[in-house]
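K.L.:
Shown below is the structure under consideration.
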Amino acid sequence: MTPRWIAHLDMDAFYASVELLRYPQLKGLPVVIGGRREHQPQPGPDGQLQFARLKDYTGRGVITTATYAARAFGVRSGLGLMKAAQLSPDCILLPVDFEAYRAASRRFKAAVREIAPVIEDRGIDEIYIDLTELAAQREGVAHDPLGGLKQLAQDIKNNVRGATQLTCSIGLAPNKLLAKIASELDKPDGLTLIRPEDLTVRIWPLSVRAINGVGPKAAERLESLGIHTIGALAACDPAWLIQRFGKAYGAWLHESAHGRDDRPVITHSESVSISHETTFERDLHAVRDKAELGRILTSLCEALAQDLAKKKLAARTIGIKLRFEGFKTVTRDQTLDAPVFEARAIRHAAGLCLKRVDLSLRLRLMGVRASGLQATPLQSVRSPLVKPRPRISIADLFDP
DNA sequence: TCTGGGGTCCTAGGACCC
DNA sequence: TCTGGGGTCCTAGGACCC
Numbered sequence: 001m002t003p004r005w006i007a008h009l010d011m012d013a014f015y016a017s018v019e020l021l022r023y024p025q026l027k028g029l030p031v032v033i034g035g036r037r038e039h040q041p042q043p044g045p046d047g048q049l050q051f052a053r054l055k056d057y058t059g060r061g062v063i064t065t066a067t068y069a070a071r072a073f074g075v076r077s078g079l080g081l082m083k084a085a086q087l088s089p090d091c092i093l094l095p096v097d098f099e100a101y102r103a104a105s106r107r108f109k110a111a112v113r114e115i116a117p118v119i120e121d122r123g124i125d126e127i128y129i130d131l132t133e134l135a136a137q138r139e140g141v142a143h144d145p146l147g148g149l150k151q152l153a154q155d156i157k158n159n160v161r162g163a164t165q166l167t168c169s170i171g172l173a174p175n176k177l178l179a180k181i182a183s184e185l186d187k188p189d190g191l192t193l194i195r196p197e198d199l200t201v202r203i204w205p206l207s208v209r210a211i212n213g214v215g216p217k218a219a220e221r222l223e224s225l226g227i228h229t230i231g232a233l234a235a236c237d238p239a240w241l242i243q244r245f246g247k248a249y250g251a252w253l254h255e256s257a258h259g260r261d262d263r264p265v266i267t268h269s270e271s272v273s274i275s276h277e278t279t280f281e282r283d284l285h286a287v288r289d290k291a292e293l294g295r296i297l298t299s300l301c302e303a304l305a306q307d308l309a310k311k312k313l314a315a316r317t318i319g320i321k322l323r324f325e326g327f328k329t330v331t332r333d334q335t336l337d338a339p340v341f342e343a344r345a346i347r348h349a350a351g352l353c354l355k356r357v358d359l360s361l362r363l364r365l366m367g368v369r370a371s372g373l374q375a376t377p378l379q380s381v382r383s384p385l386v387k388p389r390p391r392i393s394i395a396d397l398f399d400p
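Reminder that position 64 of the first sequence reads as 64 in the UniProt record's numbering, one-by-one numbering, no gaps.
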């Protein structure tokens with residue numbers, strides 16, 4: 001493969017930063033995002049906005065994002081809000097506003113695209129960018145051979161900031177794996193370049209957890225084997241890794257530790273599944289709370305049907321997800337003869353799935369998922385070229 | 001008072017077909 | 001009748017990511 005230059009761009013504390021644009025008086029304060037609508041700031045008697053505090057929160061929510069000031073208290077995303085309140089009771093709490101974040105996301109991506117069009121979406125707040133061609137064009141311009149590349153990344157950062165008033169961190173490297181690691185090295189507002197020859201000094205001292213794809217389980221197993229750093233992982237015999245972690249994952253671990261990754265930047269992909277789920281305020285019992293569970297399942301199916309309609313998709317497989325008290329989670333899938341998209345049909349299939357689960361434990365979460373997605377047949381039904389088949393009633397048979 | 005919601009990918013076993 | 005491969009589809013669970 002010819003040498004490439006890939007950027008990983010990660011927005012800094014994205015949701016929190018978007019909220020700070022709205023409430024600039026909170027700049028520098030510990031703030032977490034994760035509340036419900038009821039935690040919306042309210043005007044107080046003096047006309048000043050009153051903000052909810054972590055200590056006011058009751059419920060099962062978690063932190064989605066924390067400002068850097070809040071992170072200083074040990075508060076981080078994924079942490080339960082009640083747990084976080086113990087660490088920082090006076091930390092300000094704001095409700096999540098996905099519409100605002102999606103709008104900001106569209107703006108920052110458009111700003112990047114103005115400069116570099118080859119972008120892979122990695123969710124609401126990060127992207128990969130293939131800069132290979134643009135970097136080659138700029139190579140001649142700068143004195144330093146990598147100066148043009150760094151200037152390109154700086155131009156992207158400036159354009160994002162101009163369009164959104166938000167900062168981001170960019171990692172530059174020959175592949176996605178290293179670019180992703182690099183973008184974390186100098187947060188916030190960072191710009192980090194990793195060349196192949198920097199691997200041993202910059203990457204090998206890092207924890208294996210810095211590799212995107214090594215999660216808590218794999219890290220724990222590696223650590224139990226005495227492997228803490230990427231350098232230690234790189235020193236392992238690949239056959240030994242394969243023996244312990246399986247053919248695919250073991251080989252991938254070895255390649256990653258050596259900084260090797262040839263995945264392309266994917267500019268377009270079709271969605272595989274769409275789902276909706278909700279965690280209840282209190283655990284619900286299949287018998288005692290049957291009616292409420294039924295209503296929740298129906299509304300999840302309706303939300304799913306709306307999403308399918310918006311994307312003009314139908315699903316051949318409908319599945320449910322249940323999480324019980326004690327956090328045990330089960331799923332059931334049902335593949336249908338024909339794709340469905342209407343709420344009633346989804347609800348029916350979900351009901352069939354539900355019948356196959358032992359419901360003696362109380363439930364804390366219920367979800368519905370659509371997969372086996374395909375373009376909805378709706379257009380052809382509406383098409384004037386296709387005449388609807390006449391409905392024949394029993395009466396017609398006797399009275400043609 | 002633990003642990004959200006929306007995703008992707010992988011594995012492994014069984015059914016079924018050639 | 002037994003043995004055996006390969007391929008695909010389906011299901012369930014789990015790891016991981018944002």
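We put the beta carbon where it would ideally sit given N, CA and C, even for glycine.
So what's residue 408 in DSSP terms, helix, strand or just coil?
P.N.:
Residue 408 lies beyond the residue range present for the chain, which begins at 1 and ends at 400; the question has no answer from this structure.
K.L.:
Nearest to G190 by CA position, among S77, Q154 and P145, is which residue?
P.N.:
Reading the first sequence from its first residue, position 190 is the one you call residue 190. Among S77, Q154 and P145, the Cα nearest to that of G190 is on Q154.
K.L.:
Can the beta-carbon of V208 be found closer than 8 angstroms to that of T229?
P.N.:
Taking the first residue of the first sequence as position 1, residue 208 is located at position 208. Taking the first residue of the first sequence as position 1, residue 229 is located at position 229. A contact, by the Cβ cut-off of 8 angstroms.
K.L.:
Considering only residues of the region 128–192, which uninterrupted beta strand (DSSP E) runs meet the minimum length of 3 residues and lie entirely inside it, listed in chain order?
P.N.:
List check, beta strand (DSSP E) in window: 168–173.
K.L.:
Check F280 in the structure and name its three-state DSSP category.
P.N.:
Taking the first sequence and counting its residues from 1, the one referred to as residue 280 is at position 280. DSSP places F280 in strand when its eight states are reduced to three.
K.L.:
Answer with buried or exposed for L49, where buried requires no fewer than 16 other C-beta atoms within 10 angstroms of its C-beta.
P.N.:
In the first sequence, residue 49 corresponds to position 49, counting from 1. Exposed, because fewer than 16 other Cβ atoms sit within 10 Å of the Cβ of L49.
K.L.:
With distances taken from CA atoms, which of T58, A70 and T298 is nearest H39?
P.N.:
Counting from one through the first sequence, the residue named residue 39 turns up at place 39. The residue with the shortest Cα to Cα distance from H39 is T58.
K.L.:
Just to check, is the beta-carbon of R113 closer than 7 angstroms to a non-hydrogen atom of the ligand SAM?
P.N.:
Here there are no bound small molecules, and the ligand SAM is not part of this structure.
K.L.:
Which residues in the same chain as D261 place their Cβ atom closer than 8 angstroms to its Cβ, once the five residues preceding and following it in sequence are excluded?
P.N.:
Reading the first sequence from its first residue, position 261 is the one you call residue 261. Once the five neighbours on either side are set aside, the close Cβ partners of D261 are N175, K176, L177, L178 and E255.
K.L.:
Could you spell out the range, first to last residue, of the alpha helix (DSSP H) harbouring F14?
P.N.:
Stepping through the first sequence from its first residue, residue 14 is reached at position 14. First-last of the alpha helix (DSSP H) with F14: F14 to R22.
K.L.:
Do E19 and L87 have their C-beta atoms closer together than 8 angstroms?
P.N.:
Within the first sequence, residue 19 is the residue found at index 19, counting from 1. Within the first sequence, residue 87 is the residue found at index 87, counting from 1. Not in contact: E19 and L87 (Cβ atoms no closer than 8 angstroms).
K.L.:
According to DSSP, is I203 helix, strand or coil?
P.N.:
Residue numbering aside, residue 203 sits at position 203 when the first sequence is read from its first letter. Helix at I203.
K.L.:
For the alpha helix (DSSP H) containing F108, name the first residue and the last one.
P.N.:
Residue numbering aside, residue 108 sits at position 108 when the first sequence is read from its first letter. F108 -> alpha helix (DSSP H) spans F98 to I115.
K.L.:
So, is W240 buried or exposed, given that buried needs 16 or more other C-beta atoms within 10 angstroms?
P.N.:
Position 240 of the first sequence holds residue 240. Classification for W240: exposed.
K.L.:
When DSSP labels each residue in this structure, what does residue 418 get in the three-state scheme?
P.N.:
This structure gives no information on residue 418, because the portion of the chain shown stretches from 1 to 400.
K.L.:
The alpha helix (DSSP H) with I296 in it runs from where to where?
P.N.:
Sequence index remark: in the first sequence, residue 296 carries index 296 (1-based). Where I296 is concerned, the enclosing alpha helix (DSSP H) stretches over K290 to K310.
K.L.:
Rounded to whole angstroms, what's the CA-CA distance from D12 to M366? Just pull it up for me.
P.N.:
Sequence index remark: in the first sequence, residue 12 carries index 12 (1-based). Sequence index remark: in the first sequence, residue 366 carries index 366 (1-based). Roughly 32 angstroms separates the two Cα atoms.
K.L.:
Roughly how many whole angstroms lie between the Cα atoms of A251 and L222?
P.N.:
Here the question's residue 251 lines up with position 251 in the first sequence. Here the question's residue 222 lines up with position 222 in the first sequence. Using only the alpha carbons, I get a separation of about 14 angstroms.
K.L.:
State the DSSP-derived secondary structure class of P390, mapped to helix, strand or coil.
P.N.:
Here residue 390 is taken as the residue at index 390 of the first sequence, counted from 1. With a pLDDT of 46 at P390, under the threshold of 50, the modelled position of that residue is not reliable, and no figure is offered here.
K.L.:
Do you know how far the Cα of F341 is from the Cα of V386?
P.N.:
The sequence position of residue 386 within the first sequence is 386, counting from 1. The sequence position of residue 341 within the first sequence is 341, counting from 1. Low per-residue confidence applies at V386: pLDDT is 46, beneath 50, and the placement is therefore not dependable, though the value from the model is reported in the following sentence. Cα to Cα, V386 sits roughly 20 angstroms from F341.
K.L.:
Measuring alpha carbon to alpha carbon, tell me which residue in S273, Q137, T2 and I242 is nearest I320.
P.N.:
Counting from one through the first sequence, the residue named residue 320 turns up at place 320. The shortest C-alpha separation from I320 is found at S273.
K.L.:
Spatial neighbours of Q243 within its chain, please: C-beta separation below 8 angstroms, excluding the five flanking residues on both sides.
P.N.:
By 1-based counting over the first sequence, the position of residue 243 is 243. For Q243, where only same-chain residues beyond five positions count, the Cβ hits under 8 angstroms are G250.
K.L.:
Quick check: the region 120–127 against the region 70–82, are there 3 or more CB pairs under 8 angstroms?
P.N.:
They do not touch, by the three-pair rule.
K.L.:
How would you label E120, buried or exposed, when you count the other beta carbons within 10 angstroms and need 16 or more for buried?
P.N.:
Stepping through the first sequence from its first residue, residue 120 is reached at position 120. It is buried - the Cβ of E120 has at least 16 other Cβ atoms within 10 Å.
K.L.:
Can you find the residues in the same chain that come closer than 8 angstroms, C-beta to C-beta, to G61, ignoring five residues on each side of it along the sequence?
P.N.:
Counting from one through the first sequence, the residue named residue 61 turns up at place 61. Answer for G61: G34, G35, R36, G80 and L81, listed in chain order.
K.L.:
Is the beta carbon of G171 closer than 8 angstroms to that of A52?
P.N.:
Position 52 of the first sequence, counting from 1, holds the residue named residue 52. Position 171 of the first sequence, counting from 1, holds the residue named residue 171. No; because the gap between Cβ atoms is not below 8 angstroms, this pair is not in contact.
K.L.:
So the candidates are P216, I211 and V112; which of them puts its Cα closest to the Cα of residue 457?
P.N.:
Not covered by the structure: residue 457. The range shown for the chain is 1 to 400.
K.L.:
If I follow the unbroken alpha helix (DSSP H) through E255, where does it start and stop?
P.N.:
Position 255 of the first sequence, counted from the first residue, corresponds to residue 255. Taken as a continuous stretch (DSSP letters only), the alpha helix (DSSP H) holding E255 covers K247 to A257.
K.L.:
Does DSSP put V208 in a helix, a strand or coil?
P.N.:
In the first sequence, residue 208 corresponds to position 208, counting from 1. Correct three-state label for V208: helix.
K.L.:
Any idea if R391 is buried or exposed, counting beta-carbon neighbours within 10 angstroms, 16 or more meaning buried?
P.N.:
Locating residue 391 in the first sequence gives position 391, counting from the first residue. Legend: pLDDT at R391 = 47, less than 50; position of this residue unreliable, no value from coordinates given.
K.L.:
For the candidate residues D90, A338, G162 and D186, whose alpha-carbon lies nearest to that of K55?
P.N.:
On the first sequence, position 55 is the one that residue 55 refers to. Comparing Cα-Cα distances from K55 to each of D90, A338, G162 and D186, the minimum goes to D90.
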